[in-house]
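Protein chains: 2
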Amino acid sequence: MAGESTERVVRHFQEELGLLKERLLAMGGLAEERVRAAVRALVERDAGGLDSVLAGDEPINQLHIDIDNRAFTLLALHQPMAIDLRVIVSALKINTDLERVGDLAVNIAEAAGRYLRHRPVKALVDLPRMAEIAESMLRDALDAFVRRDVVLAQDVLDRDDRLDSLKSQVFRELLAHMMANPATIEPSLDLILISRHLERIGDHATNIAEDIIFMVSARDVRHPGGRDFGRKPDRLA
Amino acid sequence: MAGESTERVVRHFQEELGLLKERLLAMGGLAEERVRAAVRALVERDAGGLDSVLAGDEPINQLHIDIDNRAFTLLALHQPMAIDLRVIVSALKINTDLERVGDLAVNIAEAAGRYLRHRPVKALVDLPRMAEIAESMLRDALDAFVRRDVVLAQDVLDRDDRLDSLKSQVFRELLAHMMANPATIEPSLDLILISRHLERIGDHATNIAEDIIFMVSARDVRHPGGRDFGRKPDRLA
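Chains as they are written, first to last, in this note's numbering: chain F, 1 to 237; chain D, 1 to 237.
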């Protein structure tokens with residue numbers, strides 16, 4: 001950096017930080033789109049749509065590595081303090097969460113592909129609803145990151161209960177089908193699995209929202225009152 | 001830092017880095033012990049043992065926050081470069097993985113508690129075997145972190161396939177039970193769930209091993225050849 005004016009270094013840092021955020025948003029948008037595409041292909045019984053999801057995780061994987069490298073370079077070349085440091089550390093964590101969401105989109109497409117080999121067990125209403133909630137949580141969590149919006153982050157945390165209760169509803173309904181007709185056991189298991197993948201996408205949005213609250217307020221909301229905030233009891237129903 | 005000699009600052013940094021590693025190892029030991037306790041209580045049908053697991057995630061949660069703060073402070077107060085920076089960034093990521101392993105121990109105990117309300121579906125042989133493999137992967141991944149041992153980290157990655165094939169075996173066997181006798185559907189689902197939790201513990205050990213290879217060699221093995229190395233196809237069987 002010798003010879004560069006401080007102002008120029010600061011501007012360079014802020015530009016790079018802006019690019020880092022941009023990539024994270026792009027990655028979030030891709031992850032959300034892939035979840036939506038997988039659930040849409042499930043509902044429409046569109047095997048080709050599932051294949052596209054299965055074949056298309058390369059851009060997210062590339063962004064995952066690119067974002068990690070950018071965050072790493074910013075830490076190595078500059079000595080970010082306070083909020084800037086917290087933003088970069090948060091970006092590293094959010095990057096991990098988004099990569100897992102991309103993986104979960106593939107997991108959903110895999111389960112959906114198996115499901116399509118059977119006759120439909122039921123009309124799919126709750127799963128698309130779960131997907132919508134999970135997608136909106138993810139979108140708003142990233143929006144809260146960029147705008148440093150703690151209120152929106154808290155709102156994301158609050159929506160997780162809805163996802164959990166839909167998951168329980170899906171489970172109870174499918175359990176009844178399985179008990180009544182053993183031929184539905186295998187496809188029902190895949191739908192249960194998909195509901196759990198969607199719930200985990202909500203968990204990742206929750207992780208991101210918690211990181212943002214820490215980033216903005218340096219307040220840790222992850223294990224309040226000795227309880228693990230992020231972890232709900234894992235009930236089947 | 002004014003007035004302190006460079007030597008003293010460096011020594012302080014290395015001491016703090018040593019403490020950070022110590023805490024991570026302690027956390028890893030706790031997480032591993034909780035997984036073992038949950039699976040043991042399942043096999044021995046020991047409801048009291050499950051209660052202990054359910055009630056005992058506070059120490060891990062405290063370590064999670066403590067380690068995050070330590071890593072953060074090291075980044076903020078010192079300007080670590082190269083390998084030191086990579087060690088701290090890895091510690092942040094490993095911390096997240098270990099916290100999830102602690103959550104998964106609770107999830108296993110929850111599913112086991114439901115399972116114990118039914119008559120045993122089958123002798124539990126493969127699940128304890130899966131637990132052993134997952135625990136050893138976790139232990140060796142942390143060992144590889146402390147010793148910066150890329151060969152051991154690679155060995156952890158190689159063991160993941162075994163876990164995956166045991167999971168498939170568990171699933172096929174339980175599916176047969178469910179088809180033959182609807183009364184076994186509910187408890188079988190909990191065993192399937194436990195096998196998936198154990199597989200995910202292996203995935204977290206895999207994440208850690210990948211981080212270590214990056215940390216030591218600055219080589220990214222996460223998405224080689226355009227494929228996502230960490231993500232196996234999520235098959236039911």
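The beta-carbon is built from N, C-alpha and C at its ideal position, and this holds for glycine as well.
Fair warning: this is a prediction, and the values are worked out from it, not measured in the lab.
Residue range of the alpha helix (DSSP H) that includes residue i
{"i": "ASP160/F", "result": "150–180"}
{"i": "PRO120/D", "result": "Unbroken run through PRO120/D: none, as it is neither H nor E."}
{"i": "LEU116/F", "result": "Segment: none, LEU116/F is in no alpha helix (DSSP H) and carries neither H nor E."}
{"i": "HIS197/D", "result": "185–217"}
{"i": "GLU22/D", "result": "6–43"}
{"i": "GLY56/D", "result": "First-last for GLY56/D: undefined, no H or E at that position."}
{"i": "MET130/F", "result": "126–147"}
Pair within 8 Å by beta-carbon distance, residue i and residue j
{"i": "LEU54/D", "j": "VAL106/D", "result": "yes"}
{"i": "ILE108/D", "j": "VAL39/D", "result": "yes"}
{"i": "ASP140/F", "j": "ASP155/F", "result": "yes"}
{"i": "SER52/F", "j": "ALA37/F", "result": "yes"}
{"i": "GLN169/F", "j": "ASP203/F", "result": "no"}
{"i": "ALA131/F", "j": "ALA144/F", "result": "no"}
{"i": "LEU20/F", "j": "ALA91/F", "result": "yes"}
{"i": "PRO59/D", "j": "LEU104/D", "result": "no"}
{"i": "ASP161/F", "j": "THR206/F", "result": "no"}
{"i": "TYR115/F", "j": "LEU42/F", "result": "yes"}
{"i": "ILE65/D", "j": "HIS223/F", "result": "yes"}
{"i": "VAL101/F", "j": "LEU138/F", "result": "yes"}
{"i": "PRO182/F", "j": "PRO187/D", "result": "no"}
{"i": "ALA112/D", "j": "ILE194/D", "result": "yes"}
{"i": "LEU142/F", "j": "LEU25/F", "result": "yes"}
{"i": "VAL9/F", "j": "MET215/F", "result": "no"}
{"i": "LEU85/F", "j": "LEU75/D", "result": "yes"}
{"i": "LEU174/F", "j": "LEU157/F", "result": "no"}
{"i": "VAL146/F", "j": "SER217/F", "result": "no"}
{"i": "GLU32/D", "j": "GLU135/D", "result": "yes"}
{"i": "ILE208/D", "j": "ILE83/D", "result": "no"}
{"i": "LEU166/F", "j": "ARG196/F", "result": "no"}
{"i": "VAL35/D", "j": "ILE212/D", "result": "no"}
{"i": "ARG23/F", "j": "ILE67/F", "result": "yes"}
{"i": "GLN79/F", "j": "GLN79/D", "result": "yes"}
{"i": "MET179/F", "j": "LEU98/F", "result": "no"}
{"i": "THR96/F", "j": "THR96/D", "result": "yes"}
Beta carbon proximity, residue i to chain A, threshold 8 Å
{"i": "GLN79/D", "result": "In the displayed structure, chain A is absent; the protein chains listed are F and D."}
Anything in the region 8–27 of chain F with a Cβ closer than 9 Å to a Cβ of chain D? List those residues in chain order, please.
-> none
Closer than 9 Å, Cβ to any Cβ of chain D: which residues of the region 58–69 of chain F, in chain order?
-> GLU58, ILE60, ASN61, GLN62, HIS64, ILE65, ASP68, ASN69
Taking only beta carbons into account, state which residues of the region 170–183 of chain F come closer than 8 Å to chain D, listed in chain order.
-> Taking 8 Å as the Cβ-Cβ cut-off against chain D, the residues of the region 170–183 of chain F that qualify are LEU175, MET178, MET179, PRO182.
In chain order, what residues of the region 110–128 of chain D put their CB closer than 9 Å to some CB of chain F?
-> For the region 110–128 of chain D, which is checked against every Cβ of chain F, the residues closer than 9 Å are GLU110, ALA111, ARG114.
Residues from the region 190–218 of chain D in contact with chain F, defined by Cβ distance under 9 Å = ASP190, ILE192, LEU193, ARG196, HIS197, ASN207, PHE214
Whole beta strand (DSSP E) elements within the region 71–111 of chain F, 3-residue minimum = none
Short-range partners of chain F found in the region 82–105 of chain D, where Cβ spacing is below 7 Å | LEU85, VAL89, LEU92, LYS93, THR96, ASP103
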